[in-house]
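Engineer: Take a look at the following structure, please.
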Amino acid sequence: MATLRNRSSTTKGRWLAAALVAGSLLNGRAEAETEKSFNAILSVRESYQSNVLFTVEDPQEDFLTVIGPRIEGSLTGDRVNGDASFTVEREVFADNGDLDATNQLHSISGSIQLAPAVSLGADASFNEDHSIQRELTETGVAVDRRRRRTWNVEPFLTLQLGERTTLTPSGTFSWAEYKDPRLSDYHAQGGVLRIEHELLDGKTTFSAEIGGASWNFEPEALVSAQSRISLERAFSDTFTAEVAVGYRYLRRDTSPSEEKHNVEAALRLFRDAEPLFWELFATRDMVTSPVGAAVNQNRLHLTAGYHPLEPLVLFLLGRVVDSDSRLPEEVVDSTVLDGTAGAAWLLGQHFVLQISYRYTHLFQHIRDNETRTHEVTLALRLQTAPIEELVAIPFEGVRYGTQDL
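Converting from the sequence shown to the numbering used here requires adding 284 to each position, the first position being numbered 1.
Below, the structure is given as structure tokens:
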């Protein structure tokens, strides 16, 4: 199912987010105005989960310990920019040793200014994931353990056409390997052409994009085409609104009748002003297919943070997803409530302590089933670079299902 995202998170993972700590300190300034930074991070968290496998009957509780060392570096210059991060994460369950996992997530990105109006860049990442995942599907929440490796490369070219227009062609090349024999390895490729134009008032930006992709499995493939238009307006220095409409077509090449048409409308409101900042994101998804399947899904996401004191951030993250799915084999009417509330404290210049509570509830109205889970997490983060401030980063770079610093 397509998801319309704001420009800052077009290709960056999935949501829900947690409150993150962001800190950077310049290590030095080289000649030619180049800034470099380096940061080594160690995060440790302990969480209690009341329903590890998110089952309707006989929920199983457990304690999860996660240790995650990470290294970050960046380079910022007049012509060359780059970022890199390398993370290894170990998950250990107290009573469910078969769910223990070691995950890796490494990424690198960079760009170079070839001319005043031309820049070339690329993003690359490697992800090895063995964790239990809770994901929204057409029929509600699915609990899965993917056990997969993925590689992703995304080159892009940015062309400045005059003072107000930017043209960005980009490509995507992905590979995935699954350890589960029920799932097929694949490789995928695609491309998107995006144009942005700032209107004369200087407060409104129009953008449009068109693209396509294919996923090659054995012995079949999926092909898709998509388009999107959006209008974003800054009503003040602290308040921005965006509306967007998108369309996506998906088809199996071995079975043309198994095609889907997905239309989505989205609204995003964003306020960024001390001491309160928030983002509200609402979407309406409508999916149809020739075989009679239809999915209507409404989503409402909220991220909010309050900064009452210099060393303290209070945060609230939540979403409501209502799905009405009429599939060939079943009819599903479900609602998901998912929320996290917590606080992060800055202890000195190098430590952050975070505590959070998460509640997830799935209502399956036709089956008259309810599934719920409670999760309490205590986390500590240590980093070598002094932390300058605490901020909340909404919907960016955080894997859904975890409570990360």
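In this text, a Cβ means the ideal position worked out from N, Cα and C, and glycines have one as well. Computed from a predicted model, the values in this text were never measured in an experiment.
Quick check on the burial criterion: 16 or more other C-beta atoms within 10 angstroms. Buried or exposed for Arg329?
Structural biologist: By 1-based counting over the sequence shown, the position of residue 329 is 45. Per the 10 Å Cβ criterion, buried.
Engineer: With a CB to CB cut of under 6 Å and the five nearest residues on each side skipped, what residues in its chain are close to Thr287?
Structural biologist: As a first step, residue 287 is located in the sequence shown; it is residue number 3 there, counting from the start. Caution applies to Thr287, whose pLDDT of 31 falls short of 50 and renders its modelled position unreliable; the value that the coordinates give is listed next. There are no such residues.
Engineer: Let me confirm a value: Val350 is counted as buried when at least 16 other C-beta atoms fall within 10 Å, else exposed. Which label applies?
Structural biologist: Mapped onto the sequence shown, residue 350 falls at position 66. The residue is buried, with at least 16 neighbouring Cβ atoms inside 10 Å.
Engineer: Using the C-alpha atoms, what's the distance from Thr489 back to Arg466?
Structural biologist: Numbered from 1 along the sequence shown, position 182 holds the residue referred to as residue 466. Numbered from 1 along the sequence shown, position 205 holds the residue referred to as residue 489. Roughly 45 Å between the two C-alpha positions.
Engineer: Taking the runs of the beta strand (DSSP E) that are 3 residues or longer, which of them lie wholly in the region 350-393?
Structural biologist: Counting only runs of 3 or more, we get 364-377.
Engineer: Using the rule of at least 16 other Cβ atoms within 10 Å of the residue's Cβ for burial, across every protein chain shown, is Gly626 buried or exposed?
Structural biologist: Along the sequence shown, read from residue 1 onward, the residue named residue 626 stands at position 342. Buried, since its Cβ has 16 or more Cβ neighbours within 10 Å.
Engineer: Using DSSP with H/G/I as helix, E/B as strand and the rest coil, what is Gln667?
Structural biologist: Residue numbering aside, residue 667 sits at position 383 when the sequence shown is read from its first letter. Gln667 falls in the strand class under three-state DSSP.
Engineer: Taking C-alpha atoms, which residue in Glu345, Gly357, Phe338 and Leu348 lies nearest to Thr668?
Structural biologist: Locating residue 668 in the sequence shown gives position 384, counting from the first residue. Residue Gly357 is the option with its Cα nearest to Thr668.
Engineer: Starting from Leu630, trace the beta strand (DSSP E) both ways and give me its first and last residue.
Structural biologist: Translated into positions along the sequence shown, residue 630 becomes position 346. Start and end: Val615 to Leu631.
Engineer: So which of Ala628, Thr619 and Leu637 has the shortest CA-CA distance to Asn653?
Structural biologist: Working through the sequence shown from its first residue, we reach residue 653 at position 369. Asn653 has its Cα closest to that of Thr619, out of Ala628, Thr619 and Leu637.
Engineer: Assign Ile416 to buried or exposed, taking buried as 16 or more other Cβ atoms, counted over all protein chains shown, within 10 Å of its Cβ.
Structural biologist: Taking the sequence shown and counting its residues from 1, the one referred to as residue 416 is at position 132. It is buried - the Cβ of Ile416 has at least 16 other Cβ atoms within 10 Å.
Engineer: Assign Arg603 to buried or exposed, taking buried as 16 or more other Cβ atoms, counted over all protein chains shown, within 10 Å of its Cβ.
Structural biologist: On the sequence shown, position 319 is the one that residue 603 refers to. Answer is buried; the Cβ neighbour count reaches 16.
Engineer: Determine the direct distance from the alpha carbon of Phe647 to that of Val476, and round the result to whole angstroms.
Structural biologist: Counted from its first residue, the sequence shown places residue 476 at position 192. Counted from its first residue, the sequence shown places residue 647 at position 363. Straight-line Cα distance between these residues: approximately 37 Å.
Engineer: Could you tell me whether the region 516-528 touches the region 539-557, using the rule of 3 or more Cβ pairs below 8 Å?
Structural biologist: Taking 8 Å as the limit for Cβ pairs, the verdict is that the region 539-557 does touch the region 516-528.
Engineer: Quick check: the Cα distance between Leu584 and Ser607, rounded to an integer number of angstroms?
Structural biologist: Taking the sequence shown and counting its residues from 1, the one referred to as residue 584 is at position 300. Taking the sequence shown and counting its residues from 1, the one referred to as residue 607 is at position 323. Their backbone Cα atoms lie some 12 Å apart in a straight line.
Engineer: Thinking C-alpha only, which one of Leu662, Asp407, Ser514 and Phe599 is nearest Phe440?
Structural biologist: As a working mapping, residue 440 is identified with position 156 in the sequence shown. Cα-wise, what sits closest to Phe440 is Asp407.
Engineer: From Asn335 to Tyr641, what distance separates their C-alpha atoms?
Structural biologist: Locating residue 335 in the sequence shown gives position 51, where the first residue counts as 1. Locating residue 641 in the sequence shown gives position 357, where the first residue counts as 1. Each residue's Cα considered, the two are about 14 Å apart.
Engineer: Rounded to whole angstroms, what's the CA-CA distance from Glu594 to Asp367? Just pull it up for me.
Structural biologist: Counted from its first residue, the sequence shown places residue 594 at position 310. Counted from its first residue, the sequence shown places residue 367 at position 83. Those two C-alpha atoms are separated by around 28 Å.
Engineer: Reducing DSSP to helix, strand and coil, say where Pro343 ends up.
Structural biologist: Taking the first residue of the sequence shown as 1, we reach residue 343 at position 59. Note: Pro343 maps to coil in three-state DSSP.
Engineer: Grouping DSSP H, G and I as helix and E and B as strand, with all else coil, what is Leu337?
Structural biologist: Taking the first residue of the sequence shown as 1, we reach residue 337 at position 53. If DSSP states are grouped into helix, strand and coil, Leu337 belongs with coil.
Engineer: Can you tell which of Thr456, Asn546, Arg536 and Ala497 has its C-alpha closest to the C-alpha of Thr567?
Structural biologist: If you number the sequence shown from 1, residue 567 lands on position 283. Of Thr456, Asn546, Arg536 and Ala497, the residue nearest in Cα terms is Asn546.
Engineer: Using CA coordinates, which residue listed in Phe347, Leu637 and Met570 is at the minimum distance from Asp379?
Structural biologist: Residue 379 sits at position 95 when you count from the first residue of the sequence shown. Taking only the C-alpha atoms, the option nearest Asp379 is Phe347.
Engineer: According to DSSP, is Glu654 helix, strand or coil?
Structural biologist: If you number the sequence shown from 1, residue 654 lands on position 370. Three-state DSSP puts Glu654 in a strand.
Engineer: According to the neighbour-count rule (16 or more other Cβ atoms, all chains shown, within 10 Å of its Cβ), is Asp622 buried or exposed?
Structural biologist: Along the sequence shown, one-based indexing puts residue 622 at 338. With 16 or more other Cβ atoms within 10 Å, it is buried.
Engineer: Could you tell me which whole beta strand (DSSP E) segments of length 3 or greater appear in the region 465-551?
Structural biologist: DSSP runs (the beta strand (DSSP E)) wholly in the region 465-551: 470-482, 488-500, 505-518 and 523-536.
Engineer: Run the CB neighbour count on Asp485, radius 10 Å, all protein chains shown included, and call it buried at 16 or more, exposed below.
Structural biologist: Here the question's residue 485 lines up with position 201 in the sequence shown. Result: exposed.
Engineer: On the three-state DSSP scale, how would you describe Lys463?
Structural biologist: Along the sequence shown, one-based indexing puts residue 463 at 179. Correct three-state label for Lys463: coil.
Engineer: Can you check whether the CB of Leu534 is closer than 8 Å to the CB of Ser508?
Structural biologist: The residue you call residue 508 lines up with position 224 of the sequence shown. The residue you call residue 534 lines up with position 250 of the sequence shown. Closer than 8 Å, so yes.
Engineer: My assumption, with CB atoms under 8 Å, is that Ser391 sits in contact with Ser403. Please give the rounded CB distance.
Structural biologist: Within the sequence shown, the letter at position 107 stands for residue 391. Within the sequence shown, the letter at position 119 stands for residue 403. Contact doesn't hold; Cβ gap of about 19 Å is too wide.
Engineer: Rounded to the nearest angstrom, what separates Pro469 and Asn500 at their Cα positions?
Structural biologist: Residue numbering aside, residue 469 sits at position 185 when the sequence shown is read from its first letter. Residue numbering aside, residue 500 sits at position 216 when the sequence shown is read from its first letter. Residue identity differs from the one stated: residue 469 is Asp in this sequence, not Pro. In a straight line, the C-alpha of Asp469 is about 9 Å away from that of Asn500.
Engineer: Between which two residues does the beta strand (DSSP E) holding Ser403 run?
Structural biologist: One-based indexing of the sequence shown puts residue 403 at position 119. It spans Val402 to Asp413 - the beta strand (DSSP E) in which Ser403 sits, taken as one unbroken run.
Engineer: Output the boundary residues of the beta strand (DSSP E) element that contains Ser609.
Structural biologist: Start at 1 with the first residue of the sequence shown, and residue 609 comes out as number 325. Taken as a continuous stretch (DSSP letters only), the beta strand (DSSP E) holding Ser609 covers Leu596 to Arg610.
Engineer: Would you give the residue range spanned by the beta strand (DSSP E) that Arg448 belongs to?
Structural biologist: Working through the sequence shown from its first residue, we reach residue 448 at position 164. Premise fails: Arg448 is in no beta strand (DSSP E) and is neither H nor E.
Engineer: Measure how close the beta-carbons of Leu359 and Thr386 come, nearest whole angstrom, since I'm counting them as under 8 Å.
Structural biologist: As a working note, residue 359 is residue 75 in the sequence shown. As a working note, residue 386 is residue 102 in the sequence shown. With 8 Å as the limit, Leu359 and Thr386 do not qualify as a contact, their Cβ atoms being about 29 Å apart.
Engineer: Tell me, to the nearest whole angstrom, how far the beta carbon of Thr456 is from that of Ala497; I am working on the premise that it is less than 8 Å.
Structural biologist: Along the sequence shown, read from residue 1 onward, the residue named residue 456 stands at position 172. Along the sequence shown, read from residue 1 onward, the residue named residue 497 stands at position 213. Right, their Cβ atoms sit about 7 Å apart.
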